[in-house]
Amino acid sequence: MASVIVVGGGAAGLVAAWRAASLGHRVTLLEANNRLGVKLRISGGGKCNITHDGPPKAILAAFSREQARFLRPSLHAFDNRAVLDLLHREGVETYTRDNGRVFPMDRPGSATAVVEAFETLVRRAGVAIRTGARVTALAGRAPHLEGVLVEDERLHADAFILASGGASYPETGTRGEILGWLKALGAPVRPWFPALAPIPLHKPRPDWEGVSLRGGELRLSAGAEGRRLAAFAGDIVFTRVGISGPAALELSQGTERARRDGAAWLTYATSLEPPETVDAALQIEQRTNPRLLAATWTQRLLPERLVEPLLAEVGVPRTLMLKELSKSARRMLVALVTALPLGEPQTVPLARGEVAAGGVDLAVVDPRTMALRGWENLRVCGELLDLDGPVGGYNLQAAFSTGYAAGNLV
Ligand SMILES: Cc1cc2nc3c(=O)[nH]c(=O)nc-3n(C[C@H](O)[C@H](O)[C@H](O)COP(=O)(O)OP(=O)(O)OC[C@H]3O[C@@H](n4cnc5c(N)ncnc54)[C@H](O)[C@@H]3O)c2cc1C
Numbered sequence: 253m254a255s256v257i258v259v260g261g262g263a264a265g266l267v268a269a270w271r272a273a274s275l276g277h278r279v280t281l282l283e284a285n286n287r288l289g290v291k292l293r294i295s296g297g298g299k300c301n302i303t304h305d306g307p308p309k310a311i312l313a314a315f316s317r318e319q320a321r322f323l324r325p326s327l328h329a330f331d332n333r334a335v336l337d338l339l340h341r342e343g344v345e346t347y348t349r350d351n352g353r354v355f356p357m358d359r360p361g362s363a364t365a366v367v368e369a370f371e372t373l374v375r376r377a378g379v380a381i382r383t384g385a386r387v388t389a390l391a392g393r394a395p396h397l398e399g400v401l402v403e404d405e406r407l408h409a410d411a412f413i414l415a416s417g418g419a420s421y422p423e424t425g426t427r428g429e430i431l432g433w434l435k436a437l438g439a440p441v442r443p444w445f446p447a448l449a450p451i452p453l454h455k456p457r458p459d460w461e462g463v464s465l466r467g468g469e470l471r472l473s474a475g476a477e478g479r480r481l482a483a484f485a486g487d488i489v490f491t492r493v494g495i496s497g498p499a500a501l502e503l504s505q506g507t508e509r510a511r512r513d514g515a516a517w518l519t520y521a522t523s524l525e526p527p528e529t530v531d532a533a534l535q536i537e538q539r540t541n542p543r544l545l546a547a548t549w550t551q552r553l554l555p556e557r558l559v560e561p562l563l564a565e566v567g568v569p570r571t572l573m574l575k576e577l578s579k580s581a582r583r584m585l586v587a588l589v590t591a592l593p594l595g596e597p598q599t600v601p602l603a604r605g606e607v608a609a610g611g612v613d614l615a616v617v618d619p620r621t622m623a624l625r626g627w628e629n630l631r632v633c634g635e636l637l638d639l640d641g642p643v644g645g646y647n648l649q650a651a652f653s654t655g656y657a658a659g660n661l662v
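Numbering (my numbering), first residue to last: 253 to 662.
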């Protein structure tokens with residue numbers, strides 16, 4: 253049996269340590285924070301969306317093709333059912349929402365219950381847990397990692413599993429530094445990149461903070477007049493500095509990419525009909541309901557709080573009736589509901605992402621064992637890999653599955 257050091261006591265590291273110790277290995281888990289699973293505790297707004305319901309095929313479909321191909325073997329070996337069975341055996345009851353997201357039963361501290369279940373599992377398996385132990389360097393050269401440094405102390409082991417997470421929410425312990433060290437040791441890596449983050453705007457609407465646009469689609473184009481690059485159906489909510497909400501998070505990575513490429517422009521369509529169809533419907537309304545206020549019509553598609561300021565912006569008085577609406581004013585109203593301009597984004601913050609894109613290049617990691625190519629005793633798992641799924645429990649599932657594969661030292 254081997255001595256194993258696992259770096260990182262988050263979702264992936266906990267599962268890796270538990271699995272390796274269950275197989276009889278002597279496992280030490282090093283965690284920089286003073287307690288385990290800090291990011292897990294704040295996940296899902298403290299409720300922890302553990303995984304997503306459905307067959308492995310459906311889970312894989314949420315990832316990019318390259319990531320899905322990589323994830324397939326480890327997901328099949330330790331899938332969502334396996335994660336939930338494990339938690340149920342530890343007394344964590346779960347439920348599945350209509351949208352397929354699986355959570356622990358709704359009660360205060362439900363995310364903490366998940367962390368405590370994993371902590372119980374690793375302790376029972378005999379893992380030596382060292383919290384407050386930040387690894388400050390890796391010692392060794394390919395093909396052999398000799399040890400890790402925790403402050404001045406050098407720790408040796410037969411095998412090492414790196415599960416140090418991504419680089420977002422650094423206050424949870426994930427600063428992303430180990431990716432840089434792996435790069436220095438010759439491992440191909442992709443730099444950290446923001447994902448699932450709120451989007452700051454060049455011209456934010458602080459007066460609208462808290463207002464949501466619902467049921468429509470956030471659209472990204474290459475500039476105000478540029479071609480459509482991407483779209484995501486879902487809600488957004490205005491923040492003091494920009495937008496957040498499901499559609500904003502999902503489009504944040506593409507938005508930052510387009511911004512860095514030189515041109516990004518965001519609009520929100522509260523009506524998914526083409527402008528011509530909305531325009532035709534408005535013209536019918538003008539004929540059949542001429543005394544209806546333009547403001548009342550607009551309010552059918554936009555939140556009340558936005559109607560007056562938006563109408564003022566396009567020069568339509570509040571008291572204007574549809575029969576008084578000029579052709580150009582009509583077009584402007586149609587544009588507001590089919591493509592409300594949000595404008596240019598500012599830098600999407602890596603630190604505020606629910607996940608960090610980038611990480612160790614999947615092409616150099618064995619998808620069955622998480623072994624890093626060119627190394628005989630080094631495995632990487634979790635968000636440290638170049639894996640990033642959408643919101644919905646996919647990222648934790650990826651961490652659990654790859655963690656299990658890494659700990660499966662047979
Ligand atoms: C606000 C928020 C909400 C989220 N909600 C969800 C959700 O509901 N569902 C979902 O699927 N995903 C969610 N995610 C994403 C999910 O939490 C992560 O993808 C997942 O935790 C990654 O697991 P990991 O084990 O790879 O990394 P982490 O869970 O981040 O664990 C890595 C650990 O390594 C430690 N570490 C780092 N560097 C060192 C070092 N040098 N030495 C020692 N220890 C170190 C860190 O302190 C950390 O504890 C959320 C993320 C955030 C930020």
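Cβ atoms here follow ideal geometry from the backbone N, Cα and C, with glycine treated the same way. Bear in mind the structure is a predicted one, so any value in this text is a computation, not a measurement.
Tell me, which residues are paired with Leu545 by DSSP?
Here residue 545 refers to the residue found at position 293 of the sequence shown. DSSP lists Met573 as partners of Leu545.
In whole angstroms, what is the alpha-carbon distance linking Glu345 and Leu339?
Position 93 of the sequence shown holds residue 345. Position 87 of the sequence shown holds residue 339. In a straight line, the C-alpha of Glu345 is about 8 Å away from that of Leu339.
Using 8 Å as the threshold, is the stretch 530-537 in touch with the stretch 470-489, meaning 3 or more CB pairs across them?
no
Given 8 Å as the limit, tell me if Ile257 has its C-beta closer than that to any heavy atom belonging to ligand 1.
Position 5 of the sequence shown, counted from the first residue, corresponds to residue 257. No, the beta carbon of Ile257 sits no closer than 8 Å to any heavy atom of ligand 1.
Spatial neighbours of Pro601 within its chain, please: CB distance less than 8 Å, with the 5 preceding and 5 following residues excluded, ordered by chain position.
In the sequence shown, counting from the first residue as 1, residue 601 sits at position 349. Correct list, in chain order: Pro446, Ala449, Pro450 and Pro452.
When Met253, Ala269, Ser255 and Gly298 are compared against Gly634, the one with the closest alpha-carbon:
On the sequence shown, residue 634 is found 382 positions in, with the first residue counted as 1. Closest option to Gly634, Cα to Cα, is Ala269.
Could you give the uninterrupted runs of the beta strand (DSSP E) lying entirely in the stretch 475-544, keeping only those of 3 residues or more?
480-485, 488-490, 494-496 and 517-521
Contact between the stretch 296-306 and the stretch 647-655: three or more CB pairs below 8 Å?
yes
If you follow the beta strand (DSSP E) that Leu648 is in, where does it begin and where does it stop?
Residue 648 sits at position 396 when you count from the first residue of the sequence shown. No beta strand (DSSP E) holds Leu648; the alpha helix (DSSP H) holding it covers Tyr646 to Gly659.
Which residue marks the beginning of the beta strand (DSSP E) containing Pro443, and which one marks its end?
The residue you call residue 443 lines up with position 191 of the sequence shown. Run containing Pro443: Val441 to Ala447, per the beta strand (DSSP E) assignment.
Test item: CB-CB of Glu665 and Leu323 under 9 Å:
Outside the shown range of the chain, which is 253 to 662, sits residue 665, and nothing can be said about it.
What are the uninterrupted segments assigned as beta strand (DSSP E) that are 3 or more residues long and contained completely in the stretch 397-453, given in chain order?
405-408, 411-414 and 441-447
Below 7 Å CB to CB, which residues in the same chain sit around Asn629 once its five sequence neighbours on both sides are set aside?
As a working note, residue 629 is residue 377 in the sequence shown. Taking Asn629 as the centre and dropping the five residues before and after it, the same chain places the C-beta of His396, Leu397, Asp410, Ala411 and Phe412 closer than 7 Å to its C-beta, in chain order.
Below 8 Å, how does it come out for the stretch 286-295 and the stretch 435-445: are there three or more Cβ pairs, yes or no?
no
With Val267 and Tyr656 assumed to form a contact (beta carbons below 8 Å), what rounded beta-carbon distance in angstroms separates them?
The residue you call residue 267 lines up with position 15 of the sequence shown. The residue you call residue 656 lines up with position 404 of the sequence shown. That belief holds up - the Cβ atoms of Val267 and Tyr656 are roughly 5 Å apart, short of 8 Å.
Looking at C-beta atoms only, is the number of pairs between the stretch 536-543 and the stretch 587-602 that lie closer than 8 Å three or more?
no
Local conformation of Arg583 per DSSP, three classes:
In the sequence shown, counting from the first residue as 1, residue 583 sits at position 331. Here Arg583 sits in helix by DSSP.
Does the CB of Val441 have a neighbour CB from chain D at under 9 Å?
Among the chains of the structure shown, chain D does not appear; only one protein chain is present.
For Arg442, is the beta carbon positioned less than 8 Å from some heavy atom of ligand 1?
Along the sequence shown, one-based indexing puts residue 442 at 190. No.
Check whether the Cβ of Thr388 sits closer than 8 Å to any heavy atom of ligand 1, and report yes or no.
Walking along the sequence shown from the start, residue 388 turns up at place 136. Yes, since a heavy atom of ligand 1 falls inside the 8 Å radius drawn around the Cβ of Thr388.
Hey, would you say the C-beta of Ser578 is under 8 Å away from at least one heavy atom of ligand 1?
As a first step, residue 578 is located in the sequence shown; it is residue number 326 there, counting from the start. Checking every heavy atom of ligand 1 against the Cβ of Ser578, none is found closer than 8 Å.
Residue ranges of each beta strand (DSSP E) run of no fewer than 3 residues wholly in the stretch 314-391, ordered along the chain?
346-348, 353-356 and 380-383
Check each candidate in Arg321, Leu639, Phe355 and Arg317 and name the one with the smallest Cα separation from Val335.
On the sequence shown, position 83 is the one that residue 335 refers to. Ranking Arg321, Leu639, Phe355 and Arg317 by Cα distance to Val335 puts Phe355 first.
Is Leu639 near Phe315, with beta carbons less than 9 Å apart?
Looking up residue 639 in the sequence shown gives position 387. Looking up residue 315 in the sequence shown gives position 63. Less than 9 Å divides the Cβ of Leu639 from the Cβ of Phe315.
Closer than 6 Å by C-beta to Ala485: which residues in its own chain qualify, once you throw out the five before and the five after it? Chain order, please.
Locating residue 485 in the sequence shown gives position 233, where the first residue counts as 1. Closer than 6 Å at the Cβ level, and outside the excluded window around Ala485, lie Glu469.
When the Cα atoms are used, what is the spatial distance from Val559 to Pro642?
Here residue 559 refers to the residue found at position 307 when the sequence shown is read from its first residue. Here residue 642 refers to the residue found at position 390 when the sequence shown is read from its first residue. Near 32 Å, if we compare the C-alpha coordinates of Pro642 and Val559.
Is Ile381 close to ligand 1? I mean its beta-carbon at under 8 Å from any heavy atom of the ligand.
Within the sequence shown, residue 381 is the residue found at index 129, counting from 1. No, the Cβ of Ile381 stays beyond 8 Å of every heavy atom of ligand 1.
Would you mind giving the Cβ-Cβ distance between Val658 and Arg631, rounded to the nearest angstrom? I have them listed as a contact below 8 Å.
For the purposes of this step, residue 658 is taken as the residue at position 406 of the sequence shown. For the purposes of this step, residue 631 is taken as the residue at position 379 of the sequence shown. Here the sequence assigns Ala to residue 658, which means Val is not the residue at that position. Confirmed, Cβ separation roughly 4 Å.
Buried or exposed for Met622, please, with buried defined as at least 16 other CB atoms from any protein chain shown within 10 angstroms of its CB.
Your numbering for residue 622 matches position 370 in the sequence shown. Met622 is buried by the Cβ-count criterion.
Check whether the stretch 270-279 and the stretch 421-434 are in contact - that is, three or more C-beta pairs closer than 8 Å.
no
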